[in-house]
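J.: Sharing a structure below in structure tokens format, with a few things to ask.
Protein chains: 4
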Amino acid sequence: MAGSSYGTLFTLTTFGESHGPAIGGVIEGFPAGFLVDFDTIQTELDRRKPGQSKLVTQRKESDKVQFLSGIFEGKTTGTPIGFIIPNEDQKSKDYDHLKNTFRPSHADYTYEAKYGHRDYTGGGRASARETASRVVAGALAKQFLLKQGITICAFVDQIGSIKLSKVEIENADLSRIEENLVRCPDLGKAQEMENLIASIKKQGDSIGGSIFCRVTGVPAGLGEPVFDKLHAELGKAMLSINAVKGFEIGSGFGSISMLGSEHNDAFSGLGKTTTNHSGGIQGGISNGMPIYFRTAFKPVATIVAAQNSVDSSGNPVIVSGKGRHDACVVPRAVVIVEAMTAIVLLDFYLRQKAIN
Amino acid sequence: MAGSSYGTLFTLTTFGESHGPAIGGVIEGFPAGFLVDFDTIQTELDRRKPGQSKLVTQRKESDKVQFLSGIFEGKTTGTPIGFIIPNEDQKSKDYDHLKNTFRPSHADYTYEAKYGHRDYTGGGRASARETASRVVAGALAKQFLLKQGITICAFVDQIGSIKLSKVEIENADLSRIEENLVRCPDLGKAQEMENLIASIKKQGDSIGGSIFCRVTGVPAGLGEPVFDKLHAELGKAMLSINAVKGFEIGSGFGSISMLGSEHNDAFSGLGKTTTNHSGGIQGGISNGMPIYFRTAFKPVATIVAAQNSVDSSGNPVIVSGKGRHDACVVPRAVVIVEAMTAIVLLDFYLRQKAIN
Amino acid sequence: MAGSSYGTLFTLTTFGESHGPAIGGVIEGFPAGFLVDFDTIQTELDRRKPGQSKLVTQRKESDKVQFLSGIFEGKTTGTPIGFIIPNEDQKSKDYDHLKNTFRPSHADYTYEAKYGHRDYTGGGRASARETASRVVAGALAKQFLLKQGITICAFVDQIGSIKLSKVEIENADLSRIEENLVRCPDLGKAQEMENLIASIKKQGDSIGGSIFCRVTGVPAGLGEPVFDKLHAELGKAMLSINAVKGFEIGSGFGSISMLGSEHNDAFSGLGKTTTNHSGGIQGGISNGMPIYFRTAFKPVATIVAAQNSVDSSGNPVIVSGKGRHDACVVPRAVVIVEAMTAIVLLDFYLRQKAIN
Amino acid sequence: MAGSSYGTLFTLTTFGESHGPAIGGVIEGFPAGFLVDFDTIQTELDRRKPGQSKLVTQRKESDKVQFLSGIFEGKTTGTPIGFIIPNEDQKSKDYDHLKNTFRPSHADYTYEAKYGHRDYTGGGRASARETASRVVAGALAKQFLLKQGITICAFVDQIGSIKLSKVEIENADLSRIEENLVRCPDLGKAQEMENLIASIKKQGDSIGGSIFCRVTGVPAGLGEPVFDKLHAELGKAMLSINAVKGFEIGSGFGSISMLGSEHNDAFSGLGKTTTNHSGGIQGGISNGMPIYFRTAFKPVATIVAAQNSVDSSGNPVIVSGKGRHDACVVPRAVVIVEAMTAIVLLDFYLRQKAIN
């Protein structure tokens with residue numbers, strides 16, 4: 033496979049460049065007979081789309097998904113669900129100056145090195161616009177999982193150096209997440225984050241952040257031993273999202289300096305432990321406790337300042353950001369984290385059904 | 033696939049439990065006509081094996097690999113390379129008391145939940161003994177990559193709170209790694225780490241750590257866009273190693289609080305950047321700069337102290353560690369990190385050859 | 033995977049039902065930098081489309097393919113090629129009477145048994161309309177292979193009992209294939225076949241046929257040992273085409289009654305044999321001689337006569353053919369056989385490049 | 033994948049050459065908690081092994097399988113089942129004369145062309161000895177399927193021109209199959225076939241044959257639409273067996289000259305049809321009726337007579353058969369056909385469980 037397909041039994045294949053006629057995908061292996069809630073899918077797409085607020089890029093995309101197959105009389109048929117999302121605000125001319133120039137920390141140079149021939153408009157295939165297709169598949173998977181009692185909820189827990197503490201994360205009021213522009217459940221910290229992003233946007237710069245995700249209701253037994261451990265697939269899924277540089281499950285990097293006697297999660301019952309440093313997964317398989325993990329996003333590469341670069345002959349050039357850009361993509365990425373989580377979990381759910 | 037196979041073109045399938053007659057694997061897709069250096073493979077296995085030093089478990093295993101196929105007159109034939117590593121020091125009786133008991137933070141409960149029927153001796157399939165098979169495949173892959181100019185080198189950069197700084201990592205003298213028991217290139221810090229592990233071993237407890245890995249000589253163009261990004265696969269590979277809780281590529285979690293203008297890697301030439309926060313990968317594809325990443329290991333679950341647990345009926349029981357154990361597995365995991373890195377890179381190397 | 037994806041490195045995923053808004057697909061792994069000849073793709077689609085002649089169904093479909101991604105400035109970029117073919121002549125009402133009825137020898141009953149919920153209009157996903165997507169991918173693959181000197185040519189060699197002899201097949205003038213409605217290179221036999229189909233169409237009945245395919249210019253070394261033998265994949269690919277009931281490679285079923293001394297192909301040089309009973313493949317790997325095989329198609333299930341069937345409660349009902357139908361699909365399937373052959377060969381071509 | 037793995041959820045990976053220390057394999061995805069009948073597995077291996085009778089090769093192999101993992105206290109654990117079958121009667125010196133010579137219609141030349149470096153002893157990886165590993169996996173799968181009420185039975189229906197008629201096949205007394213050396217249920221025809229093989233063996237020549245396989249008890253709904261049709265996978269599985277040149281499902285090649293009105297299988301109830309030309313599969317999915325198919329085997333390539341060939345420089349040489357050989361492999365292949373059928377069906381059985 034050439035990298036645009038994900039999953040074993042529940043699979044998503046995506047296609048499309050930022051500035052082509054449309055992006056889209058094919059969802060295979062979704063169970064038949066499921067009544068689709070189309071409004072929720074659109075709501076999820078709206079959480080990702082550009083132009084939501086003053087904080088993010090003003091590119092205008094209505095991001096309306098069109099389903100082409102696999103749904104009959106409102107219910108899934110078990111056959112592939114093909115869909116497209118037309119690109120509306122293409123403005124390809126914006127990018128002509130990048131034909132022979134590699135923007136620092138973008139994928140321009142690596143695509144050129146890999147393929148020789150690349151679509152240089154708007155990031156082409158490397159554009160985060162591709163993630164809209166993941167949101168469609170994820171929104172479907174999330175609906176299905178919810179019917180099985182599995183809930184996925186992600187939020188921003190850090191922007192720059194403004195960070196929720198462990199206690200703040202544990203006590204987070206998840207109902208507040210969508211009430212603020214940065215999707216942080218602590219409204220005080222949210223305001224600080226907003227101010228930070230606004231000031232960085234004014235400077236023409238960008239800033240990183242982190243997303244915390246918690247999944248409840250996962251039955252014990254999902255995940256496979258050895259290579260396809262549940263948290264290994266979650267890690268791959270998160271690291272496949274644009275701008276992600278790190279992933280940690282449960283106690284994560286903090287576990288390095290812990291003792292085994294502190295870290296071990298004593299059992300208080302079957303599928304119940306008094307602590308949850310394991311993050312709901314032991315030996316790669318869910319144990320019935322909540323799964324939680326954290327994903328680090330670097331600052332996006334598009335900035336206004338002039339930067340040193342080279343052209344395709346290796347000659348020095350100066351690149352200045354002209355396009356529209358997000359000072360911080362992390363709030364928009366919350367729904368992508370949830371989508372990829374749902375895609376991973378539905379795949380493992382079906383894999384477990386196969387053997388049980 | 034049921035989780036015991038890895039890779040697309042270069043694949044490894046492993047089998048075997050800690051206390052069965054043998055573990056082993058099948059390597060598929062290794063290029064034909066390669067003269068195998070068997071000594072190096074054994075040396076790599078010796079770096080992983082138990083009983084190397086006073087710091088680690090005293091289980092005795094000679095870990096001698098037997099190749100059964102795919103190599104003819106010393107050279108690979110392109111057909112599957114089957115191999116086994118006999119288990120010698122089995123002592124199954126040690127584990128009878130665990131038949132109906134779930135050890136905290138082990139995979140006992142999750143395997144039971146997944147399969148209903150489990151091999152409770154010595155961790156069964158969840159034992160890190162499985163990683164010996166990965167070392168065999170990794171050692172082969174590493175030999176091949178080295179001929180292409182690709183060098184993989186990992187070392188311990190943190191045990192507990194004793195940690196190498198960025199500068200210490202950059203200036204590390206890699207020739208010192210194998211000179212000390214913890215495989216840390218800074219001999220001063222290495223001694224501190226040894227002392228820490230020794231004291232924790234004496235307490236019957238365990239401690240976590242971190243491994244830093246750097247890969248040089250990777251040509252630009254390896255990795256696939258979207259889901260199979262090079263660092264996403266590296267992340268999955270690392271997270272599939274026993275006890276791993278976190279992964280970060282390049283600037284990693286530190287990137288969260290950086291500005292784009294700081295983080296962007298300005299080009300100084302084709303495939304050359306003045307900084308390398310990207311960690312040698314942009315848009316999921318190698319850019320020709322060194323690749324580096326860091327992997328976090330929790331403290332191992334086996335400790336001597338009595339712990340609260342439940343039996344298979346959910347009744348409270350007390351579990352005490354009786355088996356041999358490592359106070360810290362991280363030094364032994366260095367070669368596993370290298371092995372999985374080599375496996376991932378060889379797969380992407382072949383995938384790139386297919387289209388170029 | 034749920035059955036709608038094909039291939040290892042060069043892959044095709046298709047979606048779409050006969051009577052939805054569109055069918056389409058995603059092509060992954062096509063090499064970058066290839067200048068696409070769009071006219072040839074459309075020509076291939078026209079060879080498959082309904083309504084070409086008086087012999088076939090009069091359903092009107094212009095079958096215009098729209099490429100949505102993966103091609104930039106006329107050349108492939110190496111990223112997924114998404115495409116759709118809108119359905120025009122839907123007339124869903126034609127099929128309301130089939131909601132609760134299973135047509136004999138169609139897939140109505142088996143889809144119901146598998147999924148519980150099915151799209152009963154026009155055969156849904158089981159309709160041969162799906163093969164239009166294969167023709168798009170196949171036409172691209174064929175263009176690429178042709179540049180490597182590989183030529184694929186299929187034709188009808190039997191309709192009902194009218195059959196080309198081995199000598200007639202060997203001496204076939206391939207330039208005549210497209211000159212007649214049945215796509216048989218022997219114009220005399222072609223006329224007989226036309227007459228036969230016309231008379232069977234008048235009776236409201238249908239008839240089977242066979243397609244012979246020859247591939248020249250395949251270098252020695254394509255195909256994999258053991259399970260993924262080249263002819264095993266060709267067989268799977270052909271048997272995946274609607275209405276196919278049999279496949280034979282080289283000497284095929286005729287080899288049963290041959291002696292080894294007759295059947296063995298003596299070498300006259302490297303990659304050259306005096307006979308070619310092997311059909312260009314030995315041990316699952318191409319040997320440099322022409323590859324040839326034969327595919328058997330049953331008579332299509334849609335006929336005018338009243339037939340005994342059951343409804344979804346198992347009660348007897350009478351089904352009469354009301355829809356438009358082909359008396360013989362075999363002439364339209366010639367291009368599908370070529371397409372699937374090209375898809376299989378391009379995949380093995382890339383797999384071989386990866387290791388060589 | 034490099035061709036030595038089969039299946040999606042239930043998978044078999046095989047390794048090993050004819051004259052190495054051992055062949056073997058890894059079975060993944062077999063359901064946990066299944067009590068294994070080891071005697072039956074050995075009985076199946078004995079049906080395939082050489083030296084069973086005067087008709088077949090006198091190579092001596094006891095073909096004793098050793099299970100290394102995945103079975104605990106007699107029951108499967110759900111983890112990979114690794115196994116080896118030691119090679120005993122290796123006599124590698126027999127083959128030194130073939131180092132630089134390509135035997136006609138063997139895979140010597142094609143392996144050389146593909147890999148450059150090959151194991152020339154005893155056919156290496158291309159030897160049918162590899163199929164012993166398939167028999168192990170198939171015997172396990174067959175046991176499991178039998179508990180679900182699915183029975184697989186194959187027999188020889190043709191050797192050379194001696195052939196069972198359709199009526200003889202339908203009325204075959206399956207209890208007689210193992211009573212005769214050729215595994216044909218019609219004892220009269222069996223005697224004729226034995227005589228034919230004996231006389232051809234005396235001539236130092238070989239002869240082809242055909243195997244008929246019938247599967248009963250398959251529930252409706254197994255198989256996937258489009259590419260992974262049940263009969264397409266069965267076809268691939270059969271064509272992957274050494275010496276197979278053709279496959280037909282249900283009416284097969286005979287369907288070419290049938291009318292739709294004759295061929296259609298009228299329903300007499302849900303999952304019941306009055307005829308079964310479809311061979312139990314419609315649209316690629318089982319319909320509840322018996323599945324039956326036929327597989328054609330060419331005469332094996334090893335014969336005593338001198339044959340024209342070339343050496344690795346392309347110079348003419350004469351090859352004479354010196355090794356031990358079968359005049360007809362078809363009776364020994366009956367159990368391989370059953371094994372591959374079981375492997376295919378168990379995979380689809382699990383795939384269907386995943387979505388139902």
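Protein chains in written order, with my numbering: chain A, 33 to 388; chain B, 33 to 388; chain C, 33 to 388; chain D, 33 to 388.
Quick reminder that beta carbons are idealized off the backbone N, C-alpha and C, glycines included.
Given a cut-off of 7 Å on the beta-carbon distance, is the pair residue 148 of chain B and residue 252 of chain D in contact?
T.: Cβ distance not < 7 Å, so residue 148 of chain B and residue 252 of chain D don't count as in contact.
J.: Nearest by alpha-carbon distance to residue 332 of chain D: which of D/375, D/246 and D/232 is it?
T.: Of D/375, D/246 and D/232, the residue nearest in Cα terms is D/232.
J.: Grouping DSSP H, G and I as helix and E and B as strand, with all else coil, what is residue 306 of chain D?
T.: Reduced to three states, the DSSP call for residue 306 of chain D is coil.
J.: How far does the alpha helix (DSSP H) with residue 234 of chain C in it extend, from its first residue to its last?
T.: 219-234 is the extent of the alpha helix (DSSP H) around residue 234 of chain C.
J.: Can we say the segment 295-315 of chain C touches the segment 47-54 of chain D, given the rule of at least three CB pairs closer than 8 Å?
T.: Judged by Cβ distances under 8 Å, the segment 295-315 of chain C makes no contact with the segment 47-54 of chain D, as fewer than three pairs qualify.
J.: For residue 47 of chain D, go through chain B and note every residue whose CB falls closer than 8 Å to its CB, in chain order.
T.: Those are 58, 100, 101, 102, 111, 112, 113 and 114, listed as they occur along chain B.
J.: Any beta-carbon of chain C closer than 7 Å to the one on residue 365 of chain B?
T.: No, residue 365 of chain B lies away from the interface with chain C (no Cβ there is under 7 Å from its Cβ).
J.: So, is residue 373 of chain A buried or exposed, given that buried needs 16 or more other C-beta atoms within 10 angstroms?
T.: That one is buried.
J.: Using a Cβ-Cβ cut-off of 7 Å, state whether residue 382 of chain B counts as contacting chain C.
T.: It does: the Cβ of residue 382 of chain B has a partner Cβ on chain C nearer than 7 Å.
J.: I'd like the list of long-range same chain contacts for residue 371 of chain A, defined as Cβ closer than 6 Å, with 5 residues on each side in sequence excluded.
T.: So the list reads 166, 167 and 170, once near-sequence residues are dropped.
J.: So the beta strand (DSSP E) residue 387 of chain A belongs to, where does it begin and stop?
T.: Note, residue 387 of chain A: premise wrong, no beta strand (DSSP E); alpha helix (DSSP H) at 362-387.
J.: Under a CB-based cut-off of 7 Å, is residue 295 of chain A close to chain C?
T.: With 7 Å as the cut-off, residue 295 of chain A does not count as an interface residue toward chain C.
J.: Do you know how far the Cα of residue 241 of chain D is from the Cα of residue 70 of chain D?
T.: Their backbone Cα atoms lie some 31 Å apart in a straight line.
J.: Using 8 Å for Cβ pairs, my map puts residue 245 of chain B next to residue 324 of chain B. What's the rounded Cβ distance?
T.: So it is a contact: roughly 7 Å between Cβ atoms.
J.: Short check: CB of residue 288 of chain B to CB of residue 190 of chain A, under 7 Å?
T.: For residue 288 of chain B and residue 190 of chain A, yes; Cβs fall inside 7 Å.
J.: If we define contact as Cβ-Cβ less than 7 Å, is residue 252 of chain D a contact residue for chain A?
T.: It does not: the Cβ of residue 252 of chain D has no partner Cβ on chain A nearer than 7 Å.
J.: Along the alpha helix (DSSP H) that carries residue 186 of chain D, what are the first and last residues, could you check?
T.: Looking at the DSSP string, residue 186 of chain D is not in any alpha helix (DSSP H); the run it does join, the beta strand (DSSP E), is 183-191.
J.: Could you give the DSSP three-state label for residue 105 of chain D: helix, strand or coil?
T.: Reduced to three states, the DSSP call for residue 105 of chain D is coil.
J.: Taking a Cβ distance cut-off of 7 Å, strictly less, list which residues of the segment 185-196 of chain A are near chain B, in chain order.
T.: Within the segment 185-196 of chain A, the qualifying residues are 190, 192 and 193.
J.: Since residue 44 of chain C is in the alpha helix (DSSP H), which residue starts that stretch and which ends it?
T.: That residue, residue 44 of chain C, is in no alpha helix (DSSP H); its beta strand (DSSP E) goes 43-47.
J.: Going by C-alpha to C-alpha distance, which of B/268, B/143, B/309 and B/179 sits closest to residue 254 of chain A?
T.: Here the closest residue by C-alpha is B/143.
J.: Could I get the ranges of all uninterrupted beta strand (DSSP E) runs contained in the segment 144-210 of chain C, with 3 residues as the minimum, in chain order?
T.: Counting only runs of 3 or more, we get 183-191.
J.: Do residue 379 of chain C and residue 41 of chain C have their C-beta atoms closer together than 7 Å?
T.: Yes, they are a contact pair.
J.: Cα separation between residue 272 of chain B and residue 259 of chain A?
T.: Distance between the alpha carbons of residue 272 of chain B and residue 259 of chain A: 5 Å.
J.: List the whole-angstrom C-beta distance separating residue 151 of chain C from residue 104 of chain A, where the pair is believed to meet the contact cut-off of C-beta under 8 Å.
T.: Confirmed, about 4 Å.
J.: Within 7 Å of any Cβ in chain C, is that where the Cβ of residue 149 of chain A sits?
T.: Yes, its Cβ sits closer than 7 Å to a Cβ of chain C.
J.: How would you call residue 346 of chain A, buried or exposed, if buried means at least 16 neighbouring beta carbons within 10 angstroms?
T.: Exposed is the call here.
J.: Assign residue 291 of chain A to one of three DSSP states: helix, strand, or coil.
T.: Residue 291 of chain A: strand per DSSP, three-state reduction.
J.: For the beta strand (DSSP E) containing residue 326 of chain D, name the first residue and the last one.
T.: Segment 323-329, the beta strand (DSSP E) holding residue 326 of chain D.
J.: In the DSSP assignment, find the unbroken alpha helix (DSSP H) run with residue 73 of chain B in it and report its ends.
T.: Here the alpha helix (DSSP H) through residue 73 of chain B covers 70-80.
J.: Taking its Cβ as the centre, do 16 or more other Cβ atoms sit within 10 Å of residue 75 of chain D, making it buried, or is it exposed?
T.: Per the 10 Å Cβ criterion, exposed.
J.: Please list the partners that residue 157 of chain D has in chain B, where partner means a Cβ-to-Cβ separation under 9 Å.
T.: What residue 157 of chain D touches in chain B: 101, 102, 109, 110, 111 and 112.
J.: How far does the beta strand (DSSP E) with residue 269 of chain D in it extend, from its first residue to its last?
T.: From DSSP, residue 269 of chain D is part of no beta strand (DSSP E) but of the alpha helix (DSSP H) over 262-271.
J.: Using a beta-carbon distance below 7 Å, is residue 41 of chain D in contact with chain A?
T.: Closer than 7 Å to some Cβ of chain A, the Cβ of residue 41 of chain D qualifies, so yes.
J.: So for residue 140 of chain B, helix, strand or coil by DSSP?
T.: Note: residue 140 of chain B maps to helix in three-state DSSP.
J.: Less than 7 Å between CB atoms is the rule here; does residue 386 of chain B satisfy it with respect to chain C?
T.: Chain C, which has a Cβ nearer than 7 Å to the Cβ of residue 386 of chain B, makes this yes.
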